[in-house]
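Novice: With our numbering as the guide, the letters of the sequence shown map in order to residues 8 to 797. We put the CB at the ideal spot given by N, CA and C, even for glycine.
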Amino acid sequence: MTANPLSTIPPIGPATGMSPSPNTSRFKPIDPVKLARQNYKLLIIASVIGLIAGVGLYVTLRLTSPEYTSDAKLVVDTRSLGGDVFNPETSVGALGNGTLDAAVAYMNNETNFIVSDEIIRDALLRPQAQSTAWYQSMDNAEAAKEMMQDEMLTATVIRKTTLIKVSMTAPSPDDARTLLQEVMATYLNRKKIINDQASTSLRRLFLGEGSRFGDDVRALKKQMERFIQDNDITSLSVNASEEQTVYNRLLEQDVSLKLAIESAKSSFASLQQSTGSAVMTDEENAYLKNLPQVSRREEELRGLDESRRQLLAGGVLEGHQTIKNLDRRRDTVEFELDKLREKEIGEYRSFQMQQAAKVVEAYTSQLATLEPQIAETANKLRDLTQKINEFEQLKDELNILREKQQRAETALDTLRTMSNRDDYVRVRRQSDPNDPDLTSPSIMLVPIVTLFVAGFVAAVVLLREMLDQRVRSPQDLKLMPDAHLLGQVPHSSEDPTGLSVAERTVERAPTGLLAESYRQIRTAVLSKMDRRGYKTLVCVSAQPEAGTSTVVHNLATSLAFNGRNVLIIDANFRRPSQHILMDRGNEHGLIDILKDEAEVDDVVLTHPDTSLSVLPTGHAVDSPPELLEGSAFRGLLGQLETLYDVILIDAPPALLTSDSQLLSKHVDAIAVVVQAGIDKRGMLGRMLNQLDGQRADVLGVILNGVKSAAGGYFRKSYEDFYRYRQADSFGGDRASAAGKPKKDKDDKESKNGKDLRREDLAQPAKIDTAAGEADFEMDIDLDLDDDDKL
8 MTANPLSTIP PIGPATGMSP SPNTSRFKPI DPVKLARQNY KLLIIASVIG
58 LIAGVGLYVT LRLTSPEYTS DAKLVVDTRS LGGDVFNPET SVGALGNGTL
108 DAAVAYMNNE TNFIVSDEII RDALLRPQAQ STAWYQSMDN AEAAKEMMQD
158 EMLTATVIRK TTLIKVSMTA PSPDDARTLL QEVMATYLNR KKIINDQAST
208 SLRRLFLGEG SRFGDDVRAL KKQMERFIQD NDITSLSVNA SEEQTVYNRL
258 LEQDVSLKLA IESAKSSFAS LQQSTGSAVM TDEENAYLKN LPQVSRREEE
308 LRGLDESRRQ LLAGGVLEGH QTIKNLDRRR DTVEFELDKL REKEIGEYRS
358 FQMQQAAKVV EAYTSQLATL EPQIAETANK LRDLTQKINE FEQLKDELNI
408 LREKQQRAET ALDTLRTMSN RDDYVRVRRQ SDPNDPDLTS PSIMLVPIVT
458 LFVAGFVAAV VLLREMLDQR VRSPQDLKLM PDAHLLGQVP HSSEDPTGLS
508 VAERTVERAP TGLLAESYRQ IRTAVLSKMD RRGYKTLVCV SAQPEAGTST
558 VVHNLATSLA FNGRNVLIID ANFRRPSQHI LMDRGNEHGL IDILKDEAEV
608 DDVVLTHPDT SLSVLPTGHA VDSPPELLEG SAFRGLLGQL ETLYDVILID
658 APPALLTSDS QLLSKHVDAI AVVVQAGIDK RGMLGRMLNQ LDGQRADVLG
708 VILNGVKSAA GGYFRKSYED FYRYRQADSF GGDRASAAGK PKKDKDDKES
758 KNGKDLRRED LAQPAKIDTA AGEADFEMDI DLDLDDDDKL
């Protein structure tokens, strides 16, 4: 937003207006310590409820569905696995790696077998198991189903030992012990029978497997012999085959021919390039010297040169006719010689090009003949390679069959050896079932339920706090970088004196907590306005009930106490209230001036004790807001700026009306009033976006009605301020006598930070001035709807 055009000082904000409204997160940062202190009572209540619920659940389950568990142990003999005979002091971890893996796998299989359907059904057929109270309450099928589905029987390997722990859970101790005893007996009997049967079956299996693998080996050998004969394979190596040799020779010829063709083409290109060249090669010079007609003319030239030299030596002058005749003859012979050379060298070069072209053609023809041979040989080589690969696969299959045959024979030998060992049955009883213990319900159910209830309540509180978009403290404004804090006004209930109310608190209780808060805001506002040369300030909120009128009046009063000549313009045509705060009527005001029906001096209300004046709205309920946009209002502001030091304008909510945007075109600055605990960050962001790009600078935010959080630092700061003021005024005696004053919340909270209600206006109010001497009462009767709040 741009500043006052009359000022040469640059604006406070960016030249093009405020930066865009930040993209505020849906979740706000949480202070867990502060949140816990705020809700500690709720958490304590939730914990007590959870404790009661946990104890009740534990007692109920103990009486209705108790569970008792009896344990027994089995031991696995590891000698047949390559280890030592079981020693209670030796764990599985002390065995070798191979023995350890085998023992662990074997014990895991046994645990599964113990809890299998087969063992459970056979155990329940035993008389002792059927005599239990648990079994007699149902038939055999139901008992087996319940034991399997409810996991009454469990078996686990004790870590790093060769012990298997078997447990039985039942509704009574005797049933648990008896059922476990029968399961143990059934398992051990079945284990012995299975070992005997398995030994015989394995012998038959290994013998059959060995014989079958031997037959497969012989059949595969015959197949390999027939394969070699049918495919006429002379060598099992591709590199050593005749096809590979022929293919390599043909490739060498192919490379040689390609190189020869490239060389011939290069020679042809060189000859073609030198066809029109006057420079002759050594080969061409030698060719010309061997021509007789060229030699005769060269000899004739040498004779003419010798005759000329002799004549000159004999005294004949250069211009003599004989000399001239010799020179003419020499020129003629030399001309003929040049023509002859040119003719002969042209014919020679043409012949050479013809020979080079024939060479290229010959090499190309040979290469064309050679390529089909190479392709045919390559196909043969590929076929041979495929056949050899197929033969190699047959060899791999033969090796696999031989390995399987060897394993079957080794397993048969091992089985024979194991059958002769005394540890043939690997599992035996280590301990009988012990006395059952109560395992359900567990006493840990009580703290678990307690923690669950408390945790659920804590999660709800945390989620509610994270999703809360309301601006409740200056910390919340830090989430919006453009919302700079000018100051905060505490909730009237936070005043430890218990005497302050929001309306006219600076005038009535100048030494109170609220008045001190307005002084701090006054200092911040003056610092920015004086530095910029601003004189007009609009105070606006996002929505009603933010206490804008109260803030404007208290801030103006504080400015007046500061020695400034202050004027309040009430521009809220729909709900005017500044005349009420001045204990005056509203017959004439701003609307009359804008309609040119009154003068400023006739309608301005002045305070009898301070330099504060108020320009009320007049009867403007039905007046159009466009009056605030015309030249009449602009001229009025210019006139008032010459009469007053500071002009504060009370504007209606920005999100509900367009009045604030119209006013922002004529004033210097804007202060946004936010009602703590009600207005939300998104709402504040939308309002700042609406005001963006206007003439006025947004100085910042005034946070109104801030409540101290339970256990937070605000409450302590407020109480420290009160004690400091009391000690300063009365030497500390009153502070010690007052202690912590009581507060009438019902009376004050209804008035904090909001415009006066109708019932407040009907009561006479005493006003304490700065001197604290003059008291007077006001009794004003207004015709307002019950839900109107000024």
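For residue 161, name the three-state secondary structure that DSSP assigns.
Specialist: strand
Novice: Since residue 602 is in the beta strand (DSSP E), which residue starts that stretch and which ends it?
Specialist: Looking at the DSSP string, residue 602 is not in any beta strand (DSSP E), and its letter there is neither H nor E.
Novice: Which residues in the same chain as residue 301 place their Cβ atom closer than 8 Å to its Cβ, once the five residues preceding and following it in sequence are excluded?
Specialist: 295, 344, 347, 348, 351
Novice: Just to confirm, is the Cβ distance from residue 193 to residue 183 under 8 Å?
Specialist: no
Novice: Could you check where the alpha helix (DSSP H) with residue 202 kicks off and where it finishes?
Specialist: That run of the alpha helix (DSSP H) goes 180-237.
Novice: Cα separation between residue 118 and residue 227?
Specialist: 43 Å
Novice: Kindly identify the DSSP beta-bridge partner or partners of residue 74.
Specialist: 447
Novice: Which stretch, first to last residue, makes up the alpha helix (DSSP H) that contains residue 660?
Specialist: Where residue 660 is concerned, there is no enclosing alpha helix (DSSP H), given that its DSSP letter is neither H nor E.
Novice: Which ranges does the beta strand (DSSP E) cover as unbroken runs of at least 3 residues, wholly within the region 551-586, from first to last along the chain?
Specialist: 573-577
Novice: Entirely within the region 449-529 and at least 4 residues each: give me those alpha helix (DSSP H) ranges in chain order.
Specialist: 452-474, 481-484, 512-515
Novice: Looking only at its own chain, which residues have a Cβ that is under 6 Å from the Cβ of residue 636, when we skip the five neighbours before and after it?
Specialist: 669
Novice: Between which two residues does the alpha helix (DSSP H) containing residue 262 stretch?
Specialist: 249-280
Novice: Report buried or exposed for residue 631, applying the criterion of at least 16 other Cβ atoms within 10 angstroms of its Cβ.
Specialist: exposed
Novice: Are the CB atoms of residue 213 and residue 412 nearer to each other than 8 Å?
Specialist: Result no, Cβ atoms of residue 213 and residue 412 do not sit closer than 8 Å.
Novice: Report, in whole angstroms, the separation of the C-beta atoms of residue 276 and residue 367, which I expect to be a contact under 8 Å.
Specialist: At roughly 10 Å, the Cβ-Cβ gap does not stay under 8 Å, so residue 276 and residue 367 are not in contact.
Novice: Extract the residue ranges of the beta strand (DSSP E) inside the region 116-178, only unbroken runs of 3 or more that lie entirely within it.
Specialist: Within the region 116-178, the runs of beta strand (DSSP E) that reach at least 3 residues and sit entirely inside it are, in chain order, 160-164, 170-177.
Novice: Judging by CA-CA distance, which residue of 614, 314, 464 is the nearest neighbour of residue 336?
Specialist: The option with the nearest alpha carbon to residue 336 is 314.
Novice: In terms of residues, what are the limits of the beta strand (DSSP E) holding residue 543?
Specialist: 543-548
Novice: Could you check the C-alpha separation between residue 703 and residue 542 for me, to the nearest Å?
Specialist: 11 Å
Novice: For residue 708, tell me which candidate among 532, 231, 601, 331 has the shortest Cα-Cα distance.
Specialist: 532
Novice: Counting only the same chain and skipping the five closest in sequence on each side, list residues whose C-beta sits under 8 Å from that of residue 580.
Specialist: Sequence-distant Cβ neighbours of residue 580 in its own chain, meaning closer than 8 Å and more than five residues away, are 598, 624, 627, 628, 630, 632, 659, 666.
Novice: Sort 391, 528, 564, 608 by Cα distance to residue 588 and report the nearest one.
Specialist: 564
Novice: Would you kindly report the start and end of the unbroken beta strand (DSSP E) that includes residue 438?
Specialist: 434-438
Novice: Are the region 676-695 and the region 470-488 touching by the rule of at least three beta carbon pairs closer than 8 Å?
Specialist: Short answer: they touch.
Novice: If distances are taken between C-alpha atoms only, which option among 129, 195, 360, 180 comes closest to residue 83?
Specialist: 195
Novice: Roughly how far, in whole angstroms, is the beta-carbon of residue 468 from the beta-carbon of residue 58, given that I think they are within contact range, below 8 Å?
Specialist: Residue 468 to residue 58, Cβ: 19 Å. No contact.
Novice: Look at residue 524 and residue 567 and say whether their C-beta atoms are less than 8 Å apart.
Specialist: no
Novice: Apart from the five residues just before and just after residue 612, which ones in its own chain have a Cβ nearer than 6 Å to its Cβ?
Specialist: 589, 591, 621
Novice: Classify residue 701 as helix, strand or coil using the three-state DSSP reduction.
Specialist: Collapsing the DSSP output to three states places residue 701 in coil.
Novice: DSSP has residue 620 in a bridge; who is on the other side?
Specialist: Partner(s): 574, 613.
Novice: According to DSSP, is residue 48 part of a helix, a strand, or is it coil?
Specialist: helix
Novice: Whose CA, out of 593, 121, 231, lies closest to the CA of residue 191?
Specialist: 121
Novice: Return the Cβ separation of residue 713 and residue 496 in integer angstroms, given the expectation that the two are a contact with Cβ distance under 8 Å.
Specialist: Between residue 713 and residue 496 a beta carbon distance of about 7 Å is seen, short of the 8 Å cut, so the two are scored as contacting.
Novice: Where do the N-terminal and C-terminal ends of the alpha helix (DSSP H) with residue 301 fall, by residue?
Specialist: For residue 301, the enclosing alpha helix (DSSP H) stretches over residues 299-320.
Novice: Find the nearest neighbour of residue 395 within the set 408, 250, 240, judged by alpha-carbon distance.
Specialist: Considering only alpha carbons, the answer is 240.
Novice: Considering only DSSP beta bridges, list what residue 687 is partnered with.
Specialist: Beta-bridge pairing links residue 687 to 477.
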